[in-house]
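*Asks:* Residue numbers (the UniProt record's numbering), protein chains in the order written: chain A, 1 to 365; chain B, 1 to 365.
1) Among 134(A), 145(A), 95(A) and 92(A), which one has its Cα closest to the Cα of residue 109(A)?
2) Which of the residues in the region 255-273 of chain B, read from start to end, lie with their CB under 8 angstroms from any CB of chain A?
3) Can you give the Cα-Cα distance for residue 304(B) and residue 117(B), rounded to whole angstroms?
4) Within 10 angstroms of its Cβ, does residue 172(B) collect 16 or more other Cβ (buried), or is it exposed?
5) So residue 170(A) contacts chain B; which residues on that side make the cut at Cβ distance below 9 angstroms?
6) Give the straight-line distance between the Cα atoms of residue 133(A) and residue 142(A), rounded to the nearest whole angstrom.
7) Could you please give the first and the last residue of the uninterrupted alpha helix (DSSP H) stretch that includes residue 337(B)?
8) Could you tell me the distance, in whole angstroms, from the CA atom of residue 160(A) to the CA atom of residue 302(A)?
9) Counting only C-beta atoms, is residue 331(A) closer than 9 angstroms to chain B at any point?
10) Quick check on residue 269(A): buried or exposed, where buried means 16 or more other Cβ atoms within 10 Å of its Cβ?
11) So is residue 195(B) buried or exposed if we call it buried at 16+ other beta carbons inside 10 Å?
12) Measure how close the beta-carbons of residue 265(B) and residue 243(B) come, nearest whole angstrom, since I'm counting them as under 8 angstroms.
13) So with Cβ pairs under 9 angstroms, would you call residue 117(A) a contact of chain B?
14) Say whether chain E places a C-beta atom closer than 9 angstroms to the C-beta of residue 99(B).
15) Interface residues of chain A around residue 194(B) at Cβ under 8 angstroms?
16) Note the first and the last residue of the continuous beta strand (DSSP E) segment covering residue 235(A).
17) Exposed or buried, which one is residue 364(A) when buried takes at least 16 other CB atoms within 10 Å?
18) Quickly, what does DSSP pair residue 186(B) with across the bridge? List them, please.
19) If we count the other Cβ atoms within 10 Å of its Cβ and call it buried at 16 or more, is residue 106(A) buried or exposed?
20) By the 10 Å Cβ neighbour count, where 16 or more other Cβ atoms means buried, how is residue 311(A) classified, buried or exposed?
21) Residue 292(B) to residue 327(B), Cα distance in whole Å?
22) What residue range does the alpha helix (DSSP H) around residue 260(B) cover?
23) If contacts are defined as beta-carbon pairs under 8 angstroms, then residue 40(B) and residue 71(B) qualify, I think. What distance do you get, rounded to the angstrom?
24) Could you give the distance in angstroms between the alpha-carbon of residue 283(B) and the alpha-carbon of residue 54(B)?
25) Judging by CA-CA distance, which residue of 129(B), 42(B) and 215(B) is the nearest neighbour of residue 337(B)?
26) With a cut-off of 9 angstroms, does the C-beta of residue 285(B) fall near any C-beta of chain A?
27) Taking the C-alpha atoms as reference points, what is the distance between residue 178(B) and residue 49(A)?
28) Just to confirm the assignment: which complete beta strand (DSSP E) runs, minimum length 3, are found wholly within the region 264-330 of chain A?
29) With 9 angstroms set as the bound, which would you pick, yes or no: does the beta-carbon of residue 207(A) sit closer than that to a beta-carbon of chain B?
30) Residue 65(B) CB to nearest chain A CB: under 9 angstroms?
31) Is the beta carbon of residue 335(B) sitting closer than 9 angstroms to the one on residue 321(B)?
32) Going by the beta-carbon positions, is the gap between residue 157(A) and residue 114(A) smaller than 9 angstroms?
Listed below in structure tokens is the structure:
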């Protein structure tokens with residue numbers, strides 16, 4: 001009998017613990033105890049990426065299905081009415097997680113107490129414009145945004161720059177937001193990362209969630225280097241290197257890279273507008289993985305401040321493979337870089353150095 | 001000792017059952033056993049509601065976060081390139097739940113084996129056009145769609161018509177899709193329902209998820225009757241009737257109704273385009289509640305085939321309060337209808353009878 005009891009004991013303890021947990025859960029749900037809302041800023045929110053992004057945030061795609069949110073929408077004065085329409089529609093959709101919406105053209109009001117900032121607002125290059133003129137417009141936008149975030153955002157606000165030139169806009173932000181932790185300023189290359197996963201999935205006729213660990217190195221421009229050398233594919237006989245399954249070095253070095261680099265242009269050609277749905281979705285993926293962590297064994301691409309890893313000049317905002325845990329990203333170390341990759345990575349660093357000096361010249365440095 | 005064992009036994013059984021369940025769950029997840037994908041058709045998918053809707057479907061907002069989906073996108077030939085861009089972006093977003101995308105201008109290919117159909121495609125009234133001319137265009141579109149769904153969709157396909165005139169488009173669909181169960185044809189008034197919830201929430205300064213059981217009666221047109229007489233509000237001291245908390249009969253009978261009826265026009269005025277984000281989100285809510293059930297004690301508004309409830313002529317597609325369970329809607333019975341409501345409800349029935357006869361005259365009946 002004693003033996004029988006000793007086997008039962010752990011189960012009893014386990015059962016009691018489980019029941020207690022269930023009871024606490026029911027009481028919490030009865031009392032409607034829920035998480036405190038997180039305040040998310042979206043700039044350029046009257047634009048088409050904003051319009052695609054805000055319902056995703058309000059549905060929990062960015063911060064999780066049990067995380068209430070307050071959304072701050074910022075845009076410029078001429079877009080004020082359209083911005084207000086976005087607010088009206090967010091209200092009309094009766095999202096259970098959405099605890100508040102602020103639509104404003106005042107950058108200080110928009111930035112106040114925000115814990116996540118997704119910066120879609122920027123100045124787009126128009127036909128016939130010089131690169132320097134566009135940079136000059138964006139430098140002043142991001143300088144102003146940096147000052148407002150520096151002074152009014154929550155101290156640990158996580159920032160994602162989506163607007164092009166994304167890496168350099170993020171760099172300006174860092175330079176003019178001295179109290180913002182360097183680790184909290186990032187730019188989006190997840191869209192390119194997802195596109196690279198999708199191209200491999202299509203090529204191998206496997207589902208995209210079975211492909212992982214591609215890398216986007218460098219600049220979120222058509223110079224970016226999509227790298228499949230370390231990617232793996234989940235198969236019925238385990239994880240296999242993507243390059244082994246593809247077995248076509250020529251495709252990997254040409255068509256694959258070109259397709260990912262030029263995908264934005266291909267969407268514009270077909271849609272007569274730039275990608276919004278996929279950009280918004282990738283922005284959610286970027287923040288979600290940053291805040292909630294990357295799945296075990298999986299890395300993602302993020303534009304972050306270089307610490308000199310892989311020989312990339314320190315301080316450049318450069319896209320690296322990163323893993324995220326407890327709200328912190330860290331660059332994946334120790335990957336073998338072949339000669340082809342080295343050259344592409346250096347090209348990106350060079351382009352970003354140039355952008356940096358153009359930006360500085362706009363500041364009159 | 002015997003007594004002790006008799007208390008422990010249920011816990012042991014419980015513990016064992018729980019452990020077995022956990023083990024099965026882990027094995028399933030290891031073997032990647034997952035639900036079969038559900039095929040969802042979206043017509044008019046190159047339009048702006050389609051563009052807002054498809055990422056929501058692909059993220060699980062419509063059928064649940066563990067339900068894989070295949071999306072069929074249909075649009076007309078002139079929109080083929082834009083439609084293909086939507087497909088490209090869905091692929092680029094690397095949605096884990098999205099198991100396939102078909103973009104086509106062929107109605108038979110689009111309708112084949114679909115289990116959910118969201119019909120956004122229709123002909124919009126242009127300035128100076130007679131109501132009958134618009135109806136005539138939509139009658140031919142919905143007749144063709146009915147024939148294709150009747151012959152090629154899955155036998156239990158659930159259909160949601162969003163395109164205006166939504167109720168009458170749904171009626172045409174029913175008349176030309178004889179094998180489609182009558183209960184499977186619905187039209188969207190959930191957007192109006194959500195707008196009504198939101199207006200009460202704003203008025204009382206409570207969160208929208210604390211308000212429930214408004215009703216949209218009748219036609220998805222500006223004649224619709226938003227009815228707050230049976231709505232309740234969750235407060236710290238229990239559920240309270242909304243009309244008691246609002247305590248302003250004049251507001252409820254005028255401003256509240258006007259605001260909900262005219263909200264679509266207000267969005268168009270501010271946005272210079274009709275509502276897409278909130279329409280798409282409400283379409284997700286409609287299908288989700290229909291398929292997965294309405295929460296206990298909560299009803300929603302859906303345009304469905306009248307069975308004569310509340311004196312509404314049998315066979316009209318009319319918006320009623322419904323509860324949903326196991327994939328079936330049923331009209332909430334026994335609500336008290338005051339004289340004001342009766343008149344508004346009859347006005348809607350009258351308008352829908354007129355629309356029906358215009359539609360029939362377009363068919364040469």
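Think of the CB as a built atom: it goes at the ideal place given N, C-alpha and C, for glycine as much as any other residue. Everything numeric in this text was worked out from a predicted model, so none of it was measured.
*Replies:* Looking at the atomic coordinates:
1) Checked all of 134(A), 145(A), 95(A) and 92(A); the closest Cα to residue 109(A) is 145(A).
2) Cβ contacts with chain A come from 263, 266, 267, 270, 271 and 272.
3) About 15 angstroms.
4) The residue in question, residue 172(B), is buried, as its Cβ has 16 or more Cβ neighbours within 10 Å.
5) When 9 angstroms is used as the limit between beta carbons, residue 170(A) is near no residue of chain B, the shortest such separation being about 22 angstroms.
6) Straight-line Cα distance between these residues: approximately 14 angstroms.
7) Here residue 337(B) belongs to no alpha helix (DSSP H), and DSSP marks it neither H nor E.
8) Those two C-alpha atoms are separated by around 9 angstroms.
9) It does not: the Cβ of residue 331(A) has no partner Cβ on chain B nearer than 9 angstroms.
10) By the neighbour-count rule (16 or more Cβ atoms within 10 Å), residue 269(A) is not buried but exposed.
11) With 16 or more other Cβ atoms inside 10 Å of its own Cβ, residue 195(B) counts as buried.
12) The distance from the Cβ of residue 265(B) to that of residue 243(B) is about 26 angstroms, inconsistent with a contact at the 8 angstroms cut-off.
13) Chain B, which has no Cβ nearer than 9 angstroms to the Cβ of residue 117(A), makes this no.
14) The structure shown contains no chain E; its protein chains are A and B.
15) Simply 92, 93 and 94.
16) Annotation: the continuous beta strand (DSSP E) that includes residue 235(A) extends over 232-235.
17) Taking all protein chains in view, the Cβ of residue 364(A) is surrounded by fewer than 16 other Cβ atoms within 10 Å, so the residue is classified as exposed.
18) Beta-bridge pairing links residue 186(B) to 160(B).
19) Classification for residue 106(A): exposed.
20) Classified as exposed, residue 311(A) has fewer than 16 neighbouring CB atoms from the shown chains inside 10 Å of its CB.
21) Their Cα atoms are separated by approximately 6 angstroms.
22) Here the alpha helix (DSSP H) through residue 260(B) covers 255-271.
23) At roughly 5 angstroms, the Cβ-Cβ gap stays under 8 angstroms, so residue 40(B) and residue 71(B) are in contact.
24) Cα to Cα, residue 283(B) sits roughly 11 angstroms from residue 54(B).
25) Closest option to residue 337(B), Cα to Cα, is 215(B).
26) True, the Cβ-Cβ gap to chain A drops below 9 angstroms.
27) Each residue's alpha carbon lies about 42 angstroms from the other.
28) DSSP runs (the beta strand (DSSP E)) wholly in the region 264-330 of chain A: 300-305 and 317-325.
29) For residue 207(A), the closest Cβ of chain B is nearer than 9 angstroms.
30) So, interface residue.
31) It is a contact, given that the beta carbons lie within the stated cut-off.
32) Yes; because the gap between Cβ atoms is below 9 angstroms, this pair is in contact.
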